[in-house]
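Peer 1: Chains as they are written, first to last, in this note's numbering: chain A, 337 to 452; chain B, 211 to 323. Backbone N, C-alpha and C fix where the C-beta goes; we use that ideal spot for every residue, glycine too. As the structure is a prediction and not an experimental result, all values here were calculated from the model. Questions regarding the structure given below will be posed in turn.
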Amino acid sequence: AQSVAQPEDQVNVAEGNPLTVKCTYSVSGNPYLFWYVQYPNRGLQFLLKYITGDNLVKGSYGFEAEFNKSQTSFHLKKPSALVSDSALYFCAVRDFGSSNDYKLSFGAGTTVTVRA
Amino acid sequence: NAGVTQTPKFQVLKTGQSMTLQCAQDMNHNSMYWYRQDPGMGLRLIYYSASEGTTDKGEVPNGYNVSRLNKREFSLRLESAAPSQTSVYFCASSAGQGAYEQYFGPGTRLTVT
């Protein structure tokens, strides 16, 4: 069965500093990987995805993520964080080609706080 | 273009009461989903509909039923609410399965007393 781990419940950074949110995954087939962001009292918004091809994917609002197959990781990064990036971030994986490939499995989420 | 809409936004039920959560999307998506979000647990899939006319159980289907009314609408019914069903419920849709990203509604916050 597929699973996703977000090892940090909280990440705190100063505005202007680099932001990294970590994600590792486990699948039996091929991983389709996604990042979503949730602002308070809102639904989840799609940021970016990795399906195949270039290991570095770029997404909305200046975010990017790097797929690392050997480390089974898909960390989210932003070179210069903004206060408005403060939110709850979810990593998700679909185990494509397995019996569970209908299911998108989410991590528990990482709360990012960017201080001015 | 409203995306994914959900009603109601908030609901308080007593144990044993029933209710239906409504969801509609205007993106002509084939697949629709219902999730629940609980603190520290991420989102868990309750039911999904890969295409109009089909529905399937997800990870946590017990106590729930769904109806894919047409391509736009996918409702979630709680027949006899229990306090364990206190949660935030999200509806989502996607163009298809596999590599397609999902688009989420604003959520329904349900409290069962």
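Straight-line CA distance for Gly317(B) to Gln295(B)?
Peer 2: Counting from one through the second sequence, the residue named residue 317(B) turns up at place 107. Counting from one through the second sequence, the residue named residue 295(B) turns up at place 85. Each residue's Cα considered, the two are about 14 Å apart.
Peer 1: Restricting to Cα atoms, I'd like to know which of Lys385(A), Pro376(A), Ser409(A) and Ser339(A) is closest to Glu400(A).
Peer 2: In the first sequence, the residue the question calls residue 400(A) occupies position 64. Answer by Cα proximity: Lys385(A).
Peer 1: Quickly, what does DSSP pair Gln342(A) with across the bridge? List them, please.
Peer 2: In the first sequence, the residue the question calls residue 342(A) occupies position 6. Note: Gln342(A) sits in no beta bridge, so no partner.
Peer 1: What residues in its chain sit with their C-beta under 6 Å from that of Arg451(A), if we drop five residues either side in the sequence?
Peer 2: The residue you call residue 451(A) lines up with position 115 of the first sequence. Correct list, in chain order: Ala350.
Peer 1: How many whole angstroms separate the CB atoms of Val347(A) and Val448(A), which I take to be in contact at a CB cut-off of 8 Å?
Peer 2: Locating residue 347(A) in the first sequence gives position 11, where the first residue counts as 1. Locating residue 448(A) in the first sequence gives position 112, where the first residue counts as 1. Sure, about 5 Å apart at Cβ, within 8 Å.
Peer 1: Name the residues in the region 435-449 of chain A whose C-beta lies less than 9 Å from a C-beta of chain E; which are they?
Peer 2: No chain E is part of this structure, whose protein chains are labelled A and B.
Peer 1: If distances are taken between C-alpha atoms only, which option among Ser396(A), Ala417(A) and Cys359(A) comes closest to Lys405(A)?
Peer 2: Position 69 of the first sequence, counting from 1, holds the residue named residue 405(A). Checked all of Ser396(A), Ala417(A) and Cys359(A); the closest Cα to Lys405(A) is Cys359(A).
Peer 1: Please confirm whether Lys405(A) has its beta-carbon closer than 7 Å to some beta-carbon of chain B.
Peer 2: On the first sequence, residue 405(A) is found 69 positions in, with the first residue counted as 1. No, no contact with chain B.
Peer 1: Mind pulling the chain B residues with CB within less than 7 Å of Gly379(A)?
Peer 2: Numbered from its first residue, the first sequence carries residue 379(A) at position 43. The contacting residues are Phe300, Phe314, Gly315, Pro316 and Gly317.
Peer 1: In chain order, what residues of the same chain lie with their CB nearer than 6 Å to the CB of Ser409(A), ignoring the 5 residues before and after it?
Peer 2: Translated into the one-based positions of the first sequence, residue 409(A) becomes position 73. The answer, listed in chain order, is Thr360.
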